[in-house]
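Below: the structure, in structure tokens.
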Amino acid sequence: MKCSCEIIKDLLPLYVDHVCSDESIELIDQHLLECEKCKSYMNSLRESQDVETAAYDEEKESRKVKMMLRMKKKILFRNILVATFTVLILGAACTSAIHYLKRTTVPIPETKPMEVIYENGDLVLNITDAIWSDVSGVRFTLTEDGKSYECVAVAMNTSKWNELISSDKTCSKYTIAYSEKGANEIDRVYYSGDGKDPEYPHNGELNENDIQALGYTLVWSK
Ligand SMILES: [Zn+2]
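Under my numbering, the residues of the sequence shown are numbered 154 to 375, in order.
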């Protein structure tokens, strides 16, 4: 069957898109073998289809790239947010931990190395491996075998933080009595290891046993 160029032209778009029946394909193939005009029309259709496909692919590709960029930005933003929160939370945790350690008071036990010396006329207690944060003391007179002794009992506290940062190279100093306030009158220094205010012993015939019962350890005597 011979077909007119007009019918072929109508069918060619379907032919190019591979959507016509086998019968039409046969017809068109035959016609194209004989008709240069229709053949060149088909070529132009194919070319324009290629261009369209390329344009479509390009658009699809650019949409994909844009989407990936958006996703990357989102992920980056989320990561920055997570990192910022982590740093903030860690910072807050560290600060409150340090604050807690600095606030928590612990007694400095009598087992810490300590020495009492005169320094420029002052009576000074040097304590190693400890940094005292507060000190309480009591001055009293002890009468033993008819003799009177001027005594000082000292108790020291530190913080958990100071406990952590102190070492055997740490030495902290406390002036028990200044020279102008009768440092040379002190005969004995006791240390009270529980960190509480040393109990004031009643004046009288106290002996070492009574003093020990109060929790005092003799750390220095003249
Ligand atoms: Zn034709």
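Built from N, CA and C at the ideal position, the CB exists for glycine as well.
Bear in mind the structure is a predicted one, so any value in this text is a computation, not a measurement.
{"Item": "Which residues in the same chain as LEU164 place their Cβ atom closer than 8 angstroms to its Cβ, once the five residues preceding and following it in sequence are excluded?", "Value": "CYS173, SER177, LEU180 and ILE181"}
{"Item": "Return the residue from the list THR323, TRP285, LYS322 and TYR331 that minimises the CA-CA distance to GLY346.", "Value": "TRP285"}
{"Item": "Suppose the cutoff is 7 angstroms on Cβ atoms and the five residues either side in sequence are ignored; what does the same chain contact list for CYS458 look like?", "Value": "With the chain covering only 154 through 375, there is no way to say anything about residue 458."}
{"Item": "Between THR264 and LEU359, which are expected to be in contact by the criterion C-beta below 8 angstroms, what is the C-beta distance as a whole number of angstroms?", "Value": "No, THR264 and LEU359 are not in contact; Cβ-Cβ is about 24 angstroms, not under 8 angstroms."}
{"Item": "Roughly how many angstroms separate the alpha carbons of VAL425 and ASP321, rounded to a whole number?", "Value": "This structure does not reach residue 425, given that the chain is present from 154 up to 375, and the question cannot be answered."}
{"Item": "At a threshold of 7 angstroms, does CYS173 count as lining ligand 1 (C-beta to nearest heavy atom)?", "Value": "no"}
{"Item": "Could I get the ranges of all uninterrupted alpha helix (DSSP H) runs contained in the stretch 162-199, with 4 residues as the minimum, in chain order?", "Value": "175-187"}
{"Item": "ILE318 lies in the alpha helix (DSSP H); which residues open and close that run?", "Value": "313-318"}
{"Item": "Using alpha carbons as the reference points, say which of ASP363, GLU352 and ILE339 lies closest to ILE270.", "Value": "ILE339"}
{"Item": "What first and last residue would you give for the alpha helix (DSSP H) that runs through ASN362?", "Value": "361-366"}
{"Item": "Between the C-alpha atoms of PRO202 and PHE230, what's the straight-line distance to the nearest angstrom?", "Value": "At residue 202 the sequence reads Gln, which differs from the Pro that was named. Near 42 angstroms, if we compare the C-alpha coordinates of PHE230 and GLN202."}
{"Item": "Count Cβ pairs between the stretch 297-315 and the stretch 245-261 that sit closer than 8 angstroms; are there 3 or more?", "Value": "yes"}
{"Item": "Does the beta carbon of ILE161 fall short of 7 angstroms from some heavy atom of ligand 1?", "Value": "yes"}
{"Item": "Compute the beta-carbon to beta-carbon distance between GLU352 and LEU367, rounded to the nearest angstrom, for a pair I have assumed lies under 8 angstroms.", "Value": "5 angstroms"}
{"Item": "Is CYS247 buried or exposed, if buried means 16 or more other CB atoms sit within 10 Å of its CB?", "Value": "exposed"}
{"Item": "Please state the DSSP three-state secondary structure of ASN273.", "Value": "coil"}
{"Item": "State the beta-bridge partners of ASN279 as determined by DSSP.", "Value": "GLU268 and LYS326"}
{"Item": "Per DSSP, ARG292 is paired with what?", "Value": "VAL305"}
{"Item": "Output the boundary residues of the beta strand (DSSP E) element that contains SER374.", "Value": "369-374"}
{"Item": "Please decide whether LYS217 counts as near chain B, where near means a Cβ-Cβ distance under 8 angstroms.", "Value": "Here chain B cannot be found, since the structure has a single protein chain."}
{"Item": "Measure the Cβ-Cβ separation of ASN273 and CYS324 and say whether it is below 8 angstroms.", "Value": "no"}
{"Item": "How about LYS226: is its Cβ closer than 7 angstroms to a heavy atom in ligand 1?", "Value": "no"}
{"Item": "How about ASP282 and TYR331: are their beta carbons less than 8 angstroms apart?", "Value": "no"}
{"Item": "Select from PRO166, LYS225 and LEU317 the residue whose C-alpha is nearest the C-alpha of TYR405.", "Value": "Outside the modelled stretch of the chain, which goes from 154 to 375, sits residue 405, for which no answer is possible."}
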